[in-house]
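Residue numbers (the numbering used here), protein chains in the order written: chain A, 336 to 689; chain B, 336 to 689; chain C, 169 to 543; chain D, 169 to 543. We put the beta carbon where it would ideally sit given N, CA and C, even for glycine. Computed from a predicted structure; not experimentally measured. Let me begin by presenting the structure, written as structure tokens, before commenting on it.
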Amino acid sequence: MRKVMGIIFQRWDHGLQTFTMNRGISTIPFGGRYRLIDFPLSNLVNANIHSIGVLGGAKYGSLIDHLGTGQEWSLHRKTQDLAILPALENYSVEPGLYFDLRELLPSKLFIENQSTIEMIIFQPSNQIDNLDFKPLMDEHFNGMNDVTIVTGNGRIDEAIGTPDENRRKWQGREILAVMVQRTLIMQALQRMNQGGSYDLLNLIRRNQEHLRIKTLTHKGYYREISDISGYYQANLDLLEASVRKELFRGPRTIYTKSKDNHPTQYFDGSFVNNAWIASGCQIAGIIQNSIVSRESMIGEGTVIKNSILMQRARIGKDVHLEHVILDKAVTIRDRTVLKGSKDEPVVISKGSVI
Amino acid sequence: MRKVMGIIFQRWDHGLQTFTMNRGISTIPFGGRYRLIDFPLSNLVNANIHSIGVLGGAKYGSLIDHLGTGQEWSLHRKTQDLAILPALENYSVEPGLYFDLRELLPSKLFIENQSTIEMIIFQPSNQIDNLDFKPLMDEHFNGMNDVTIVTGNGRIDEAIGTPDENRRKWQGREILAVMVQRTLIMQALQRMNQGGSYDLLNLIRRNQEHLRIKTLTHKGYYREISDISGYYQANLDLLEASVRKELFRGPRTIYTKSKDNHPTQYFDGSFVNNAWIASGCQIAGIIQNSIVSRESMIGEGTVIKNSILMQRARIGKDVHLEHVILDKAVTIRDRTVLKGSKDEPVVISKGSVI
Amino acid sequence: MKKKCVAMLLAGGQGSRLGVLTKSIAKPAVLFGGKYRLIDFSLSNCYHSNIGIVGVLTQYQPLELNSYISTGSAWSLDNVGGGVTILPPYQNRYGASWYRGTADAIYQNLYFLQSYDPEHVLIISGDHIYKMDYSEMLNNHIKNHADLTIGGLLVEPEEASRFGIMNTDGENRILEFEEKPEYPKGNLASMGIYIFRWSVLKRLLKEDGAKEESQHDFGKNVIPESLAQGLDVFAYPFMGYWRDVGTIQSYYDAQMELLLQTPPLNLFDKDFRIYSNHESLPPHFISNDATVTDSLISDGCLICGEVKHSILSSSVIVEKGAIVENSILLKNVKVGKNARVRHSILDEGVVILTDEEVGSADQSVQLIGKEEQDA
Amino acid sequence: MKKKCVAMLLAGGQGSRLGVLTKSIAKPAVLFGGKYRLIDFSLSNCYHSNIGIVGVLTQYQPLELNSYISTGSAWSLDNVGGGVTILPPYQNRYGASWYRGTADAIYQNLYFLQSYDPEHVLIISGDHIYKMDYSEMLNNHIKNHADLTIGGLLVEPEEASRFGIMNTDGENRILEFEEKPEYPKGNLASMGIYIFRWSVLKRLLKEDGAKEESQHDFGKNVIPESLAQGLDVFAYPFMGYWRDVGTIQSYYDAQMELLLQTPPLNLFDKDFRIYSNHESLPPHFISNDATVTDSLISDGCLICGEVKHSILSSSVIVEKGAIVENSILLKNVKVGKNARVRHSILDEGVVILTDEEVGSADQSVQLIGKEEQDA
């Protein structure tokens, strides 16, 4: 019943540093009310995996706040379903690694103690998809695989590219998740003290002759969020009916910490078109092709186009925003104009007053 | 209604390092089922204070696990009663300071946002007492104090001493808590960027001419836990009826994360005397003047005297322990003998097999 | 453990004048303002009043209400050693009986109150729309050394005969109480909010329980009896916003007020929030073909048509070309292509077909339920 | 949302043979083994069987039981979109009615089951002591294409007439079912655990509900009717530990078995834990004057006397010089100085005075309640 463990890890946040001053990459807000980690975490929960470790990293405040006891994901405190795993002190994630096993060292006991676990699923925290792990797990177990690698399908991979073309690839495709038998991970953790390799992917490559490795391809939507333009595009993808349907209207729910807000109020004179709008907003202006997060206020005469507003934006009157990303709690004064471009949106950091 | 905030901070853990390899000082187990932080946290909850920040420090795993969403303390997630505040990256607590305000910098917003708060209570996390803050708060507000300092009464202070005689004293007495008007803390945090002082106590001393400062004395039991011998003694204090009564049988409950264990089973031939024993244990041996934590197993013919056993001790047959402290999950093989002395108990670290 | 004040919330009412809305749920579970249920107001008031123990008396169609209330955590009322307790009618070794009236409901749960042995008991109901800090009323009650304090509201004189009317002296002492008088002498109406001294309440309910001719109702029996016995009974005048939404028209009007530029009831207010046990749903989406103005839209809606001066609960779908005006659409309503909905309340799950028209601006508000549709 | 299997737990029983123990609480809420309540076993079984939706039917003295069950979080059963739902009798617009029997209780809540539209429904009760993975029984039920599968246990032939007895063929197909037969033909007894195909259950209950002469009981009416209709009814033999604790003696005996060196029911087992909604209490303290041997002691106890071969629930006090032997002391019992308690069950809150003696080794087990004391 509890044979599979999931581990979600932080990624190198170089391309997203404007967002990660006070939070880890896993808790960057996304899609009006979600955080990036909601996607990998819901993927695990939807496959009935009830033993999950989340690497917390150094900036863990927002992660603790977001996950709570895991209640919103039907994870239970009593049966110890969800653990936030502290990273090594003074450790920071390196670029170019798929998954640095050294991060797991302080949590060795967490893995050791759960002796009934047979296999571990590793997922990064900065990936938007709605994966169905059930058939993937079946293939892993039925095929008696040591390692199963889940990749995206090539086309999307080529389309988005990644800052470092060499990392997170397998047979030329981007890796979405890796499933490894627990015994192999335990061995790797033991050997690390003796100077063994510590990147999960290198470790697999190096031992590929001795291992039964299979690759499976996810045919659906996915995006890796590793820089601002990827973040911007993934948000705007939600305006596509097919993407919304696959992510949010299918059989597998994406869970998140929900907020008890008043419904969004539209005033006389508001005009809204092709927009994804969360609860608790007060809207008097014009919004087009945009994502508006919870509790945002948009003044009269204001025009917002092709933009992403995170929570609690306070936008005055007669403002004009185009190709803009506002981090949480940004205030924009009356009559301000901000214009970026599709490839280089303007980014305003958390709490700014413009 | 929500006028007071409580902040509980980590202390320098030099004297307790055998216990703090993988946990912060605030989550050292105590008294069979508690952790040190339960005492200051319950003090706040019992005074109806529903806005509490706990400094998490670097080794925050056990703190998150212990506090959960705060449910066991009747703190609610929805009204955001409890926050674990991340410390600065790469920051470690220094000795000799009462409270280093730099630790609060990443949480400036947490304090700023709660604008209805008038006063903040600061407490260390390594102190065993059952303080009644209600009358203390009344005196603070009625006296229009800027700062109210709660000290222990001299006698106990002299009796236990502290490694550094200069710190945590006020008028020659040990400080248990400090209440400060929120505006003063906000000012101090603003000025810190301009190179102001950062130790709360220094700050108060330096400005004492401009501030209305009062000192109040707590007449009851208290212990500061800053070294092994203090930890040992405070545990054994629980064998005194008066201490148990003051801490656990009075009107103010000490809350903790409770564990759903089977009642403790005593077998034929067990002999137990003057002992404080938690749930889930299986006892076949002899126990005297000791504290035994949850889920410990004590084999036949074994004798345990004047010792402190943390959770999940596995003690074999015919073992003899005297003046010993076992950290969590220690295994002692059959016929082992360990003897310390009252002043220097033997300490066995977490997970050891002896 | 002794407590100062414990609240008892009467949530057993059917609210039959709300028609299909209360066919399968109790009145306190009826939706309001897009996402709230009527009981949210009383429970949020308890939180803001620092009342940590609330007994909720249920009887009529309690399933949805019970699971909605759950442990009370949505209103931060799930305290260790207290919180919300749901009190359905029950069977004991002497037999089983339903609640015969508001007073009987409390009477049958005296043992619950006894277990807390409070000084005072606050009695409220779960079907009014208002924000009130009961602790101010409690302070007033204590200051007056009252046996009973009744929350009172000034109503329009022509409405007074719908209420229990209290005639008071200059110090708010109640001299006379008339339940729905034909010729009211005043216009200070009882809000159905009572604070009793616990020892007095216990005695009154035991006496009332023994009377065969009593209807076991606070307004009809217990309050008049308190005055007859010469107890110290005071009114506590409440000046804030308060609405009874017991009829279709008042239910409609109270919600439409939320759409005013400055609504009399501000639900965006952060200092006295009304909490609810909300569902977790994605944001709403407004398509290229849509127009939304002067409306409240909840999570999970998909709007492809025109929505004007309306309130949409969660997961409502308005298809292309459809027009929704001056209407209240409850959860999971679907309005088909080119359909037209005017001046109507559509109950949960109602489906309006392509090109269908319901309601008109001239008629009184129309309430449409699923059953009517199937028939 | 469609579910494979939903559980309905019958927890309305009074358990009148347990005397004062069920005076103010339902039988499933009775304490067992120091800290458990009987219902812990069924609810923990649901958790271990991966059954995420459990309806609990309550009727008799439900207050303590309801607040004990709460959201089911103590058994990790508080899932989003499921979990534990308490189903008390209720009033709807057609009237109000109590549950008239086990089958009627389910019948009145068909709409609850309908909302999940499961493939199968597991029906269990909340007052037996056992560890069972229902998912194995469900697999068996599915493999047999059964309409109904009944959990069965081999009992001593001389006890068989106390049970519903199932006579089966070699493939566990039930040929005959006799409720408490005077001359039993076999000794495979029904455990009162049923898995029905949902479509079949719905039909059977509607038919049974319409029969005036029916007692609306599964054992007496619905099971015999299923066989009479020629449905596919199978037995699922269960081999593990199982105890019915319906009498004082069986309640005493089942607990005393926990004190054996290797008890038949291992509650220290980490792989199939029995969870409970436990109180948070300090450790117990054993003073210098105490002797404790061969016993189970719960949190919060204070032992200054001698305790031998006994089970003490939480916060029990045994004063100096007192002796407690072969006894079960429920919560908050206090045994005064030099008192002697032998071979007895003391109900919650019972106080034994200084020098008092209760029970003796020769008599049958004595049950002492607070009421008996006051009388």
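Exercise for review: Give a yes or no on whether the minimum CB-CB distance between residue 401(B) and chain D is below 8 Å.
Suggested key: Numbered from 1 along the second sequence, position 66 holds the residue referred to as residue 401(B). Chain D contact via Cβ: absent.
Exercise for review: Let me know if residue 186(D) comes out buried or exposed under the rule of 16 or more other beta-carbons within 10 Å of its beta-carbon.
Suggested key: For the purposes of this step, residue 186(D) is taken as residue 18 along the fourth sequence, with counting starting at 1. Counting Cβ neighbours within 10 Å, residue 186(D) comes out buried, since at least 16 surround it.
Check your understanding: Quick one: does residue 240(D) have its CB under 8 Å from some CB of chain C?
Key -> The residue given as residue 240(D) occupies position 72 in the fourth sequence. Residue 240(D) does not count as touching chain C.
Practice item. Please state whether DSSP places residue 173(C) in a helix, a strand or coil. Key: What you label residue 173(C) is simply residue 5 of the third sequence in a count that begins at 1. Residue 173(C): strand per DSSP, three-state reduction.
Point to revise | Bounding residues of the beta strand (DSSP E) (the contiguous stretch that carries residue 270(D)) | key: Translated into positions along the fourth sequence, residue 270(D) becomes position 102. Segment 270–275 is the alpha helix (DSSP H) holding residue 270(D); no beta strand (DSSP E) there.
Review point. Interface residues of chain A around residue 244(D) at Cβ under 7 Å?
Key: For the purposes of this step, residue 244(D) is identified with residue 76 of the fourth sequence, where counting begins at 1. Under the 7 Å cutoff, chain A gives 411, 413 and 414.
Exercise for review: Just tell me which of 355(D), 402(D) and 304(D) has its CA closest to the CA of residue 337(D).
Suggested key: Here residue 337(D) refers to the residue found at position 169 of the fourth sequence. Residue 337(D) has its Cα closest to that of 402(D), out of 355(D), 402(D) and 304(D).
Check your understanding: Should the region 531–547 of chain B be regarded as contacting the region 645–658 of chain B, the criterion being three or more beta carbon pairs within less than 8 Å?
Key -> no
Exercise for review: Could you check if residue 302(C) is buried or exposed, using at least 16 other CB atoms within 10 Å of its CB as the buried criterion?
Suggested key: Numbered from 1 along the third sequence, position 134 holds the residue referred to as residue 302(C). The C-beta of residue 302(C) has 16 or more other C-beta atoms within 10 Å across all chains shown, which makes the residue buried.
Exercise for review: Answer with yes or no whether the minimum CB distance from residue 438(A) to chain D is below 8 Å.
Suggested key: Locating residue 438(A) in the first sequence gives position 103, counting from the first residue. Not an interface residue.
Practice item. Spatial neighbours of residue 524(A) within its chain, please: CB distance less than 6 Å, with the 5 preceding and 5 following residues excluded, ordered by chain position. Key: On the first sequence, residue 524(A) is found 189 positions in, with the first residue counted as 1. Closer than 6 Å at the Cβ level, and outside the excluded window around residue 524(A), lie 443.
**Study point:** Buried versus exposed, by CB contacts within 10 Å (16 or more), residue 428(D)
**Key:** Position 260 of the fourth sequence holds residue 428(D). The residue is exposed, with fewer than 16 neighbouring Cβ atoms inside 10 Å.
Point to revise | Reduced DSSP secondary structure (H/G/I, E/B, other) of residue 409(D) | key: The sequence position of residue 409(D) within the fourth sequence is 241, counting from 1. Of the three classes helix, strand and coil, the one that applies to residue 409(D) here is coil, per DSSP.
Review point. How would you list, in chain order, the residues of chain B whose beta-carbon sits under 9 Å from the beta-carbon of residue 338(A)?
Key: Walking along the first sequence from the start, residue 338(A) turns up at place 3. Per Cβ cutoff of 9 Å: no residues; residue 338(A) is ~23 Å from chain B at best.
Review point. Which runs of the beta strand (DSSP E) fall wholly inside the region 522–563 of chain B and span at least 3 residues, in chain order?
Key: 548–553 and 557–559
**Study point:** Short-range partners of chain C found in the region 353–367 of chain A, where Cβ spacing is below 8 Å
**Key:** 366 and 367
**Study point:** Option in 376(D), 305(D), 464(D) and 333(D) with minimal Cα separation from residue 343(D)
**Key:** Numbered from its first residue, the fourth sequence carries residue 343(D) at position 175. Comparing Cα positions, the closest option is 333(D).
Check your understanding: Between residue 480(B) and residue 399(B), is the Cβ-Cβ spacing less than 8 Å?
Key -> Locating residue 480(B) in the second sequence gives position 145, counting from the first residue. Locating residue 399(B) in the second sequence gives position 64, counting from the first residue. Against a cut-off of 8 Å, the Cβ pair of residue 399(B) and residue 480(B) comes out as no contact.
Review point. Quick one: which chain C residues come within Cβ less than 9 Å of residue 608(A)?
Key: Translated into the one-based positions of the first sequence, residue 608(A) becomes position 273. Within chain C, the C-beta atoms nearer than 9 Å to that of residue 608(A) come from 454, 455, 456, 457, 458 and 459, in chain order.
Review point. Beta carbon of residue 421(A), beta carbon of residue 441(A): below 8 Å?
Key: As a first step, residue 421(A) must be located in the first sequence, where it is residue number 86. As a first step, residue 441(A) must be located in the first sequence, where it is residue number 106. Yes; because the gap between Cβ atoms is below 8 Å, this pair is in contact.
Review point. So, helix, strand or coil for residue 444(C), using DSSP?
Key: Taking the third sequence and counting its residues from 1, the one referred to as residue 444(C) is at position 276. Coil, per DSSP.
Exercise for review: Enumerate in chain order the residues of its own chain whose CB-to-CB distance from residue 403(A) is below 6 Å, with the five nearest sequence positions on each side excluded.
Suggested key: Counting from 1 along the first sequence, the entry for residue 403(A) is found at position 68. Once the five neighbours on either side are set aside, residue 403(A) has no close Cβ partner at all.
Review point. When the distance is taken between beta carbons, is residue 410(D) closer than 8 Å to residue 298(D)?
Key: Stepping through the fourth sequence from its first residue, residue 298(D) is reached at position 130. Stepping through the fourth sequence from its first residue, residue 410(D) is reached at position 242. Closer than 8 Å, so yes.
Check your understanding: Mind checking residue 590(B): buried by the 16 CB within 10 Å criterion, or exposed?
Key -> Position 255 of the second sequence, counted from the start, is the residue given in the question as residue 590(B). It is buried - the Cβ of residue 590(B) has at least 16 other Cβ atoms within 10 Å.
Check your understanding: Excluding five sequence neighbours on each side, which residues of the same chain lie with their C-beta closer than 6 Å to the C-beta of residue 373(A)?
Key -> Locating residue 373(A) in the first sequence gives position 38, counting from the first residue. Excluding sequence neighbours, residue 373(A) sits near 589 and 591.
Check your understanding: Do you know how far the Cα of residue 460(C) is from the Cα of residue 559(A)?
Key -> Taking the first sequence and counting its residues from 1, one reaches residue 559(A) at position 224. Taking the third sequence and counting its residues from 1, one reaches residue 460(C) at position 292. Each residue's alpha carbon lies about 34 Å from the other.
**Study point:** Neighbour flag for residue 169(D) against chain C, beta carbons, 8 Å
**Key:** As a position in the fourth sequence, residue 169(D) is number 1, starting the count at 1. Low per-residue confidence applies at residue 169(D): pLDDT is 42, beneath 50, and the placement is therefore not dependable, though the value from the model is reported in the following sentence. No, no contact with chain C.
Point to revise | Which of helix, strand or coil DSSP assigns to residue 193(D) | key: Here the question's residue 193(D) lines up with position 25 in the fourth sequence. Reduced to three states, the DSSP call for residue 193(D) is coil.
Check your understanding: Three-state secondary structure (DSSP) at residue 584(A)?
Key -> Start at 1 with the first residue of the first sequence, and residue 584(A) comes out as number 249. Residue state, collapsed to three classes: coil.
Practice item. Could you name the residues of chain A that residue 355(D) contacts, counting a contact when the two beta carbons are closer than 7 Å? Key: Counting from one through the fourth sequence, the residue named residue 355(D) turns up at place 187. Those within 7 Å of residue 355(D) in chain A number zero; the least Cβ separation is about 33 Å.
Practice item. Please name the residue, chosen from 224(C), 235(C) and 231(C), that lies closest to residue 251(C) on a Cα-to-Cα basis. Key: Here the question's residue 251(C) lines up with position 83 in the third sequence. Comparing Cα positions, the closest option is 224(C).
Exercise for review: Check the Cβ of residue 443(C) against every Cβ in chain B and list those closer than 8 Å, keeping chain order.
Suggested key: In the third sequence, residue 443(C) corresponds to position 275, counting from 1. By Cβ distance, chain B contributes 413.
Point to revise | Three-state secondary structure (DSSP) of residue 283(D) | key: Taking the fourth sequence and counting its residues from 1, one reaches residue 283(D) at position 115. Looking at residue 283(D) - three-state DSSP - the assignment turns out to be helix.
Check your understanding: What's the gap between the Cα of residue 473(B) and the Cα of residue 581(B)?
Key -> On the second sequence, position 138 is the one that residue 473(B) refers to. On the second sequence, position 246 is the one that residue 581(B) refers to. So the alpha carbons of these two residues sit roughly 22 Å apart.
Review point. Skipping 5 residues on each side, what residues in its chain have a beta carbon closer than 8 Å to that of residue 551(A)?
Key: Here residue 551(A) refers to the residue found at position 216 of the first sequence. Cβ neighbours of residue 551(A) within its own chain (closer than 8 Å, five residues either side excluded): 471, 474, 483, 484, 485 and 486.
Practice item. From the DSSP output, in three-state form, read off residue 266(C) for me. Key: The count along the third sequence starts at 1 and reaches residue 266(C) at position 98. DSSP places residue 266(C) in coil when its eight states are reduced to three.
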